[in-house]
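Participant: Position one of the sequence shown corresponds to residue 41 (my numbering), numbered consecutively onward. Sending over a structure as structure tokens; questions will come in a sec.
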Amino acid sequence: MSTRLFGARIKRNIDPQLLRGEGSFIDDIPLAQALHVAFVRSPFARARINSIDISAAVAHPGVAAVYTCDNVGALDIEMPLLIPHSSMHDARTQRPLARDDVYYVGQTVAMIVAVDRYTAEDAAALVDVDYDPRDVEVDLEKAILDGAPLVHDTHEQNIAAHFVQVSGYPDSAIAQAEHVTKIRVQVDRSTAAPMECRAVAAQFDEVTGELTVWDGTQAPISVRGGLASIFKLDEDKVRVIAPNVGGGFGQKVLLFYPDELLVPMAAMQLGRPVKYIEDRRENFVGSSQERTQIHFMELYAKKTGEVIALRDSFLHDTGAFIPYGIAVAQVASTSIAGPYRIPNIWVEFKAIYTPTVPVTPYRGCGRPQACFAIERAMDQLADELGLDRFEIRRRNLIADHEFPYDREGLIFADGLKVSLDSGQYHKALAMMEERLDAPSFASAQAKARAEGKHLGLGLAFYVEGTGLGPYEGGHVRIHPITGKVYVNTGLTSQGQGHDTVFAQIAADQLGVKPEDVILVEGDTKAFDWGVATFASRAAVVSGNAIHKSAMIVRRKALQAAANMLEADVGDVELKDGAAWVKGTDRKVPLSAVATATNPLRYAFNEAAQAATQFAPASRHDGPSLDEGEHPGLEATDYYSPPCATWAYGVHGALIEVDPELCSVTIRKYVCIHDCGNMINPMIVEGQVMGGIAQGLGGAMYERIEFDETGNMLNANFVDFLVPYATEIPDVEILHLETPSPLNALGVKGVGEAGCIAVGAVVASGVEDALKALGGGKFRHTPITPSMIHAALDAA
Ligand code: MCN
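What follows is the structure, encoded as structure tokens:
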């Protein structure tokens, strides 16, 4: 493979359009005569519905339809369980519109369709629902106790799943341990807060029988399959388009949110386009969230600090329903030993129903919690053994020669083995030591203290299984007239810059400029097979599929051009949009090669004729196509990873805490990460930076608050704090590139990496800064000023 464009810092080609406000998001799609949707949502976390009176809403002028569970026909079902697992019994998923009971504040109870949103909202206020509220318990540790109010009466306890995984022989290793460290850590609930809330619009063409759905989803092909199956439509008659999408971060891949089914249904029934644009409050109370976990971890070590066994038991808050099965908790449990050579692991979790918004993966998906647990435990082990925080890690990190390092017995969320495929963990740690000038930090800290400043050094390592299967595909086609390259995939981008990186991969193979490659994604008419954008998988899975397809097209182009140029195929090269006989000025444009099998097309291809004297079918005495030969220059191929490929990194920070204001200032933040070969380092840095910003939110600001009745107290951006640019420090990002041996491009994913270690770094730094004041332990994020105040007060 040429390395001309792969690895180049090429600017994201979609940005000028987005920055000028010329993007096309769902609310920008012009739909004549569209009707608009508003939902009636439950004001109670748990209640019995005695009756729903829609008569006033139906009579309201401008209302086209009012739906409840009684008139949605085939949609009065519990939605599919996406990832079943044997650790669950009777897993509960949500109905599009509640029947008999509601399970969280914000659950959809009725849907109004009206001439405009204002009318729909007014009519929604007229729906009279008679509720019988019930007791609830939103506290995770209390929800699991005997006698706690149940979320689902079908269960004896609020336990949705209980799963234990074992690697090695933890019991015998524990018996040999010389030291044990025990720690309880907690991470609180947050939300993805995408810039564009969720949205869906649908239109049904009664003449062709075609349903078109515009959905701000991360999974258009999967949505299409689901819609076709639920509405019993031919898949070819359902087209799902994800246009520009303003951030997803996992929240936009639930499959299905109620609106994603109800809006298409209404469009088909009412014969008019229907549109639903979620507002910010609805995004808080109705779209999935993640993070709450409480871990009880024990590290069993030798006196020298080598950890020989790990036990972790954790509670995972799954909210009121569990549509993704145990995916989040399973990812946490299989990432629990981080980058460390811990041969014996016992890890158990219980997924707990709480009467709150359902939980599905949010950027990081269980990894920030696992990282927080193991890294805080490592810090504590170091403190207890009197070792430096770098040293404890050095003694436990997996060495380069140990890769691939299998965690035998652990099964990842994709059902495949946990095998850390490659890395240079020790090098990363050494680089961090150097960047933070760690050896002289103790004296810098003492000097700062003498000046009344409290400085701490925060450190955390992370690993991330990325690039999950099952597979993705890519179709590469050289346009027969323009010579431009069209690349189609089944994925879709919410801001990751796929247009640019996939162009780099294809352009390298075909000798064209990246700006001459046009990516078509997020449209089921353009590519038919695939799954979704999640699990930092696009670079690995779609990237390698596109690479494979482009190589086929390249081989085909070289052979066809060699025939046209009457040259040996080994003497032909692709560059500047043409095939050349090496070292000569003899060339044939790719558009001409693409039309070579079709004389009529060639006759119309003026550009090709002007540029070449070669007649298209000149090589054939018989049929134009040989047996097995396909016309044009195009190919489709797929890539299916054997298992996850493991990216990793280490973050470090110098953190100042002001004990008067209880405020935290990050003086220096360094991220050293490795996502294998980088396709575009500039995009990788953007991804890492965005992840760190989101991680800082979780570390210091963001917590979804519920009162004891299950009402969300901060469903807005005044009370739920996301960090602004003013809160984000400068970040020094350094790259290591250890190729993954699992795929031809040697890439690993990076989309989630940035956010994983931040909570652990901040906690570690704050704890270190306040050590001299007896400031206690920080094992709970977000770390708020009041938490610091309480710690100092207690001291
Ligand atoms: N990349 C690269 N070289 C690599 C790895 C990746 O150049 N070795 C590039 C990729 O080609 C892609 C980007 O970096 O353009 C991220 O790639 P990847 O890690 O494959 O992640 P995905 O494209 O599959 O995106 C999903 C990932 C996830 S799971 C979440 S959550 C997330 C994230 O991406 N949501 C995002 N980043 C986001 N960024 C934006 N702006 N918006 C979101 O919603």
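For every residue, glycine included, the Cβ atom is placed at its ideal position computed from N, Cα and C. Every value quoted in this text rests on a predicted model; they were computed, and no experiment measured them.
(1) Can you name the residues that DSSP bridges to Asn603?
(2) What residues match up with Thr332 in a beta bridge as DSSP calls it?
(3) Considering only heavy atoms of the ligand MCN, does any lie closer than 7 Å to the CB of Ala575?
(4) Applying the 10 Å Cβ sphere with the 16-neighbour rule, what's the burial state of Arg49?
(5) If you draw a straight line from the C-alpha of Leu785 to the C-alpha of Gln549, how long is it?
(6) CB Gln727 to CB Gln599, shorter than 8 Å?
(7) Within 10 angstroms of its Cβ, does His76 collect 16 or more other Cβ (buried), or is it exposed?
(8) What's the call for Asn845, buried or exposed, on a 16-neighbour Cβ count within 10 Å?
(9) Whole angstroms is fine: what's the gap from Met752's alpha carbon to Val145's?
(10) Counting pairs of beta carbons, one from the segment 440-460 and one from the segment 409-417, are three or more of them closer than 8 Å?
(11) Compare the beta carbon distance of Val80 and Val149 with 8 Å and say whether it is the shorter of the two.
(12) Answer yes or no: the CB of Glu474 versus the heavy atoms of the ligand MCN, is any distance below 7 Å?
(13) At which residues does the alpha helix (DSSP H) containing Gly304 begin and terminate?
(14) Kindly confirm or deny that the segment 809-819 and the segment 761-776 touch, where touching means at least three C-beta pairs closer than 8 Å.
(15) Let me check one thing: in DSSP terms, what residues is Asp170 bridge-paired to?
(16) If we ignore side chains and look at the alpha-carbon of each, how far apart do Met41 and Asn717 end up?
(17) On the DSSP bridge list, what partners appear for Asp357?
(18) Could you give the distance in angstroms between the alpha-carbon of Val167 and the alpha-carbon of Leu295?
(19) Determine contact between the segment 509-523 and the segment 630-646, defined as no fewer than three beta-carbon pairs at a distance below 8 Å.
(20) Name the DSSP beta bridge partners of Asp446, please?
(21) Taking Ala360 as the reference, which of Pro383, Ala453, Val397, Leu121 has the closest Cα?
(22) Just mark Val247 as buried or exposed, buried being the case when its beta carbon has 16 or more other beta carbons within 10 Å.
(23) Could you tell me whether any Cβ in chain D is nearer than 8 Å to the Cβ of Ser826?
(24) Using the C-alpha atoms, what's the distance from Ala803 back to Pro822?
(25) Based on DSSP bridge pairs, tell me the residues matched to Leu694.
(26) Taking DSSP as the reference, what is the three-state secondary structure of Ser42?
(27) Need the endpoints of the beta strand (DSSP E) that Asp140 sits in, please.
(28) Among the candidates Leu267, Gln243, Gly288, whose CA atom is the shortest distance from the CA of Thr257?
(29) When the Cα atoms are used, what is the spatial distance from Leu302 to Pro136?
(30) Hey, would you say the C-beta of Cys411 is under 7 Å away from at least one heavy atom of the ligand NAP?
(31) Rounded to the nearest angstrom, how far is the Cβ of Gln409 from that of Gln333, given a contact under 8 Å?
(32) What residue from Asp461, Gln485, Thr221 has the CA that sits closest to Leu421's CA?
(33) Do you know offhand how far Tyr380's Cα is from Ser373's?
(34) So what does DSSP say about Asp423, is it helix, strand or coil?
(35) When the Cα atoms are used, what is the spatial distance from Ala74 to Ser95?
Facilitator: Well, looking at it:
(1) Along the sequence shown, one-based indexing puts residue 603 at 563. In the DSSP output, where bridge partners are listed per residue, Asn603 has none listed.
(2) Reading the sequence shown from its first residue, position 292 is the one you call residue 332. Note: Thr332 sits in no beta bridge, so no partner.
(3) Here residue 575 refers to the residue found at position 535 of the sequence shown. Ala575 Cβ: within cutoff of the ligand MCN.
(4) Here residue 49 is taken as the residue at index 9 of the sequence shown, counted from 1. Exposed, since its Cβ has fewer than 16 Cβ neighbours within 10 Å.
(5) As a first step, residue 785 is located in the sequence shown; it is residue number 745 there, counting from the start. As a first step, residue 549 is located in the sequence shown; it is residue number 509 there, counting from the start. One C-alpha to the other measures close to 12 Å.
(6) Mapped onto the sequence shown, residue 727 falls at position 687. Mapped onto the sequence shown, residue 599 falls at position 559. It is not a contact, given that the beta carbons lie outside the stated cut-off.
(7) Translated into positions along the sequence shown, residue 76 becomes position 36. Looking at its Cβ environment, which holds 16 or more other Cβ atoms inside 10 Å, His76 is buried.
(8) This structure cannot settle anything about residue 845, because the visible part of the chain is limited to 41 through 835.
(9) Start at 1 with the first residue of the sequence shown, and residue 752 comes out as number 712. Start at 1 with the first residue of the sequence shown, and residue 145 comes out as number 105. Distance between the alpha carbons of Met752 and Val145 is about 8 Å.
(10) By the criterion of at least three beta-carbon pairs nearer than 8 Å, the segment 440-460 is not in contact with the segment 409-417.
(11) Taking the first residue of the sequence shown as position 1, residue 80 is located at position 40. Taking the first residue of the sequence shown as position 1, residue 149 is located at position 109. Contact flag set, yes.
(12) Here the question's residue 474 lines up with position 434 in the sequence shown. Every heavy atom of the ligand MCN is 7 Å or more from the Cβ of Glu474, so no.
(13) One-based indexing of the sequence shown puts residue 304 at position 264. A small correction: the amino acid at residue 304 is Pro; Gly does not occupy that position in the sequence shown. From DSSP, the alpha helix (DSSP H) with Pro304 extends over 298-310.
(14) No, the segment 809-819 does not touch the segment 761-776.
(15) Walking along the sequence shown from the start, residue 170 turns up at place 130. Note: Asp170 is bridge-paired with Ser91 in the DSSP secondary-structure output.
(16) Walking along the sequence shown from the start, residue 41 turns up at place 1. Walking along the sequence shown from the start, residue 717 turns up at place 677. For Met41, the predicted structure reports a pLDDT of 42, less than 50, and the residue's modelled location is therefore unreliable. A value from the coordinates is still provided. Cα to Cα, the separation comes out at about 13 Å.
(17) Here the question's residue 357 lines up with position 317 in the sequence shown. Ile392, per the DSSP bridge assignment.
(18) Here residue 167 is taken as the residue at index 127 of the sequence shown, counted from 1. Here residue 295 is taken as the residue at index 255 of the sequence shown, counted from 1. When rounded, the distance between both Cα atoms is 27 Å.
(19) As far as the Cβ criterion goes, the segment 509-523 touches the segment 630-646, which means the pair count is three or higher.
(20) For the purposes of this step, residue 446 is taken as residue 406 along the sequence shown, with counting starting at 1. According to DSSP, which records beta bridges pairwise, Asp446 is partnered with Ser459.
(21) Position 320 of the sequence shown holds residue 360. Here the closest residue by C-alpha is Val397.
(22) Position 207 of the sequence shown, counted from the first residue, corresponds to residue 247. Val247 sits exposed, since fewer than 16 C-beta atoms from the chains shown fall within 10 Å of its C-beta.
(23) The structure shown contains no chain D, having only a single protein chain.
(24) Taking the first residue of the sequence shown as 1, we reach residue 822 at position 782. Taking the first residue of the sequence shown as 1, we reach residue 803 at position 763. Their Cα atoms are separated by approximately 9 Å.
(25) The residue you call residue 694 lines up with position 654 of the sequence shown. In the DSSP assignment, Leu694 is bridged to Leu497, Lys708.
(26) Taking the first residue of the sequence shown as position 1, residue 42 is located at position 2. Any answer about Ser42 is weak, because its pLDDT of 47 lies below 50 and its placement is not dependable; what the coordinates show is given next. Look at Ser42 here: in three-state DSSP terms it is coil, with no helix or strand label.
(27) Sequence index remark: in the sequence shown, residue 140 carries index 100 (1-based). Per DSSP, Asp140 lies in no beta strand (DSSP E) and is assigned neither H nor E.
(28) Taking the sequence shown and counting its residues from 1, the one referred to as residue 257 is at position 217. Of Leu267, Gln243, Gly288, the smallest CA-CA separation from Thr257 is found for Gly288.
(29) Locating residue 302 in the sequence shown gives position 262, where the first residue counts as 1. Locating residue 136 in the sequence shown gives position 96, where the first residue counts as 1. Straight through space, the alpha carbons of Pro136 and Leu302 are spaced by roughly 7 Å.
(30) Of the ligands this structure carries, namely the ligand MCN, none is the ligand NAP.
(31) Here the question's residue 409 lines up with position 369 in the sequence shown. Here the question's residue 333 lines up with position 293 in the sequence shown. That belief holds up - the Cβ atoms of Gln409 and Gln333 are roughly 4 Å apart, short of 8 Å.
(32) Taking the first residue of the sequence shown as position 1, residue 421 is located at position 381. Leu421 has its Cα closest to that of Thr221, out of Asp461, Gln485, Thr221.
(33) Numbered from its first residue, the sequence shown carries residue 380 at position 340. Numbered from its first residue, the sequence shown carries residue 373 at position 333. Distance between the alpha carbons of Tyr380 and Ser373: 14 Å.
(34) Indexing the sequence shown from 1 puts residue 423 at position 383. Helix, per DSSP.
(35) Residue 74 sits at position 34 when you count from the first residue of the sequence shown. Residue 95 sits at position 55 when you count from the first residue of the sequence shown. If I take the Cα positions, the gap works out to 23 Å.
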